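Undergrad: Residue numbers (the numbering used here), protein chains in the order written: chain A, 1 to 148; chain B, 149 to 296.
Where is the CB? At the ideal position from N, CA and C, for every residue including glycine.
These numbers were taken from a predicted model, which means no experiment stands behind them.
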DNA sequence: TATAATGGTTACAAATATATAACTATTGTT
DNA sequence: AACAATAGTTATATATTTGTAACCATTATA
């Protein structure tokens with residue numbers, strides 16, 4: 001019973017994934033020099049605040065050496081900064097800069113412009129439904145998928 | 149007004165994208181030899197039936213040479229086959245094999261097993277909400293994002 | 001028939017992602 | 001003090017993705 005519901009959910013998520021990939025990751029690269037990985041890191045920082053290198057890796061299930069590469073590039077571009085941890089000198093915390101935050105928002109706005117050209121095809125009721133459905137999905141997925 | 153709603157939707161989609169990436173694309177690689185790109189192609193074929201090489205590229209916004217590489221690999225593994233088009237001999241149509249369809253479903257089932265370990269944290273009401281929200285999102289996104 | 005356009009492949013280069021091991025510095029434990 | 005464990009980096013190799021140009025076969029058009 002719930003088994004079927006879980007399979008249905010998995011099926012829906014599998015269908016949504018390539019659509020988001022196509023309408024988010026792809027247009028991204030024509031708009032900025034930020035890579036998808038860099039965008040994921042900035043999204044985590046925006047959403048959860050300052051994070052250590054290891055925390056970022058856990059958030060995104062990425063190996064630490066990859067995080068180092070991504071963060072190095074984001075630092076070169078002035079989007080994030082390193083902070084030494086006062087309690088544990090092994091730890092390096094990363095946070096968004098003002099420029100990083102502003103550019104991140106700009107990119108999202110730019111993406112919503114692209115999306116808007118598609119969304120105008122929806123009537124008010126569908127727009128409302130998509131707004132509510134995406135909001136609900138975001139909340140539930142964050143609650144179960146974004147830990148550890 | 150609707151401007152704000154569009155931005156909200158974009159924000160939600162941007163938040164959902166990395167969660168799906170983490171819980172779908174990543175676990176995929178430990179379970180199969182199929183690459184994310186190959187999975188996207190098989191998903192398109194499952195959803196839309198036989199497609200030409202160019203059609204697949206349009207579906208996924210991928211350049212044709214990349215499709216050739218992905219399809220070559222899927223053929224090596226016996227997941228898809230090429231068909232000559234009887235009307236236009238330039239066109240090569242691709243379809244899933246029985247093995248491709250079965251393995252694709254198996255992988256999705258395997259992914260839903262992984263997901264299920266997370267979804268048990270939800271109560272019946274949340275499960276129902278996620279089921280409905282993902283269903284609605286899938287329908288609307290497909291209707292506006294999967295053309296051309 | 002000559003030409004342009006289309007569908008697909010091949011070849012190549014560059015960027016990005018993945019994975020592993022080795023290494024330094026620091027901390028925690030005995 | 002000796003040791004193991006943790007956080008992060010460096011180095012290296014490989015896989016995947018992205019992008020471009022050139023090419024062949026076929027079809028459409030002038």
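1) Would you mind giving the Cβ-Cβ distance between residue 180/B and residue 255/B, rounded to the nearest angstrom? I have them listed as a contact below 8 Å.
2) Considering only residues of the same chain and omitting the five flanking positions on each side of residue 52/A, which have a CB-CB separation below 8 Å?
3) Quick one: any contact between the region 208 to 223 of chain B and the region 276 to 293 of chain B, if contact means 3 or more CB pairs under 8 Å?
4) Three or more beta-carbon pairs under 8 Å between the region 18 to 31 of chain A and the region 69 to 85 of chain A, yes or no?
5) Report the rounded CA-to-CA distance for residue 252/B versus residue 17/A, giving the unit in angstroms.
6) As an exercise, report each continuous beta strand (DSSP E) stretch of at least 3 residues that is fully enclosed by the region 157 to 232 of chain B, in chain order.
7) Could you work out which residue in 45/A, 48/A, 19/A, 46/A is closest to residue 185/B when comparing CA atoms only?
8) Run through DSSP, which three-state label would residue 91/A get?
9) With DSSP collapsed to three states, give me the class of residue 153/B.
10) Determine, using beta carbons only, whether residue 8/A and residue 154/B come nearer to each other than 9 Å.
11) Examine chain A for any beta-carbon lying closer than 9 Å to the beta-carbon of residue 196/B, and answer yes or no.
12) Let me know the secondary structure DSSP gives residue 141/A once reduced to three states.
13) For residue 172/A and chain B, any beta-carbon pair shorter than 9 Å?
14) Consult DSSP for residue 278/B and reduce its assignment to one of helix, strand or coil.
15) Which partner residues does residue 244/B have in the DSSP bridge list?
16) Going along the chain, which residues of the region 107 to 118 of chain A sit with their C-beta nearer than 8 Å to a C-beta in chain B?
17) Counting only Cβ pairs nearer than 7 Å, list the residues of chain B close to residue 23/A.
18) Measuring only the C-alpha atoms, how far is residue 171/B from residue 163/B?
19) Measuring straight from C-alpha to C-alpha, what distance separates residue 263/B and residue 269/B?
20) Is residue 193/B near residue 244/B, with beta carbons less than 9 Å apart?
21) If we cut at 9 Å on Cβ distances, does residue 166/B have a partner in chain A?
TA: Well, looking at it:
1) Position 32 of the second chain holds residue 180/B. Position 107 of the second chain holds residue 255/B. Contact holds; Cβ gap of about 6 Å.
2) In the first chain, counting from the first residue as 1, residue 52/A sits at position 52. Closer than 8 Å at the Cβ level, and outside the excluded window around residue 52/A, lie 85, 91, 92, 93, 94.
3) The region 208 to 223 of chain B and the region 276 to 293 of chain B do not touch, with fewer than 3 CB-CB distances between them shorter than 8 Å.
4) Touching, no, given that fewer than three Cβ pairs across the two stretches are closer than 8 Å.
5) Taking the first residue of the second chain as 1, we reach residue 252/B at position 104. Taking the first residue of the first chain as 1, we reach residue 17/A at position 17. Roughly 15 Å separates the two Cα atoms.
6) Entirely contained in the region 157 to 232 of chain B, the beta strand (DSSP E) runs reaching 3 residues are, in chain order, 228 to 232.
7) The count along the second chain starts at 1 and reaches residue 185/B at position 37. It is 19/A.
8) Counting from 1 along the first chain, the entry for residue 91/A is found at position 91. Of the three classes helix, strand and coil, the one that applies to residue 91/A here is coil, per DSSP.
9) Here residue 153/B corresponds to residue number 5 of the second chain, with the count starting at 1. In the structure shown, residue 153/B sits in a helix (DSSP, three-state: H, G or I).
10) Here the question's residue 8/A lines up with position 8 in the first chain. Here the question's residue 154/B lines up with position 6 in the second chain. No. Outside cutoff.
11) The residue you call residue 196/B lines up with position 48 of the second chain. Interface annotation, residue 196/B: not in contact with chain A, CB-CB separation never under 9 Å.
12) Here the question's residue 141/A lines up with position 141 in the first chain. For residue 141/A, the three-state secondary structure derived from DSSP is helix.
13) For chain A, the structure presents residues 1 to 148; residue 172/A sits outside this window and is missing.
14) Indexing the second chain from 1 puts residue 278/B at position 130. In this structure, residue 278/B counts as helix in the three-state DSSP scheme.
15) On the second chain, residue 244/B is found 96 positions in, with the first residue counted as 1. BP columns for residue 244/B point to 228/B.
16) Per Cβ criterion, the list reads 108, 109, 111, 112, 115, 116, 118.
17) Numbered from 1 along the first chain, position 23 holds the residue referred to as residue 23/A. Here the neighbours are 293.
18) Indexing the second chain from 1 puts residue 171/B at position 23. Indexing the second chain from 1 puts residue 163/B at position 15. Taking the straight line from one Cα to the other gives about 13 Å.
19) Taking the first residue of the second chain as 1, we reach residue 263/B at position 115. Taking the first residue of the second chain as 1, we reach residue 269/B at position 121. Approximately 11 Å between the Cα atoms of the pair.
20) What you label residue 193/B is simply residue 45 of the second chain in a count that begins at 1. What you label residue 244/B is simply residue 96 of the second chain in a count that begins at 1. Result yes, Cβ atoms of residue 193/B and residue 244/B sit closer than 9 Å.
21) Position 18 of the second chain, counting from 1, holds the residue named residue 166/B. Yes, contact with chain A.
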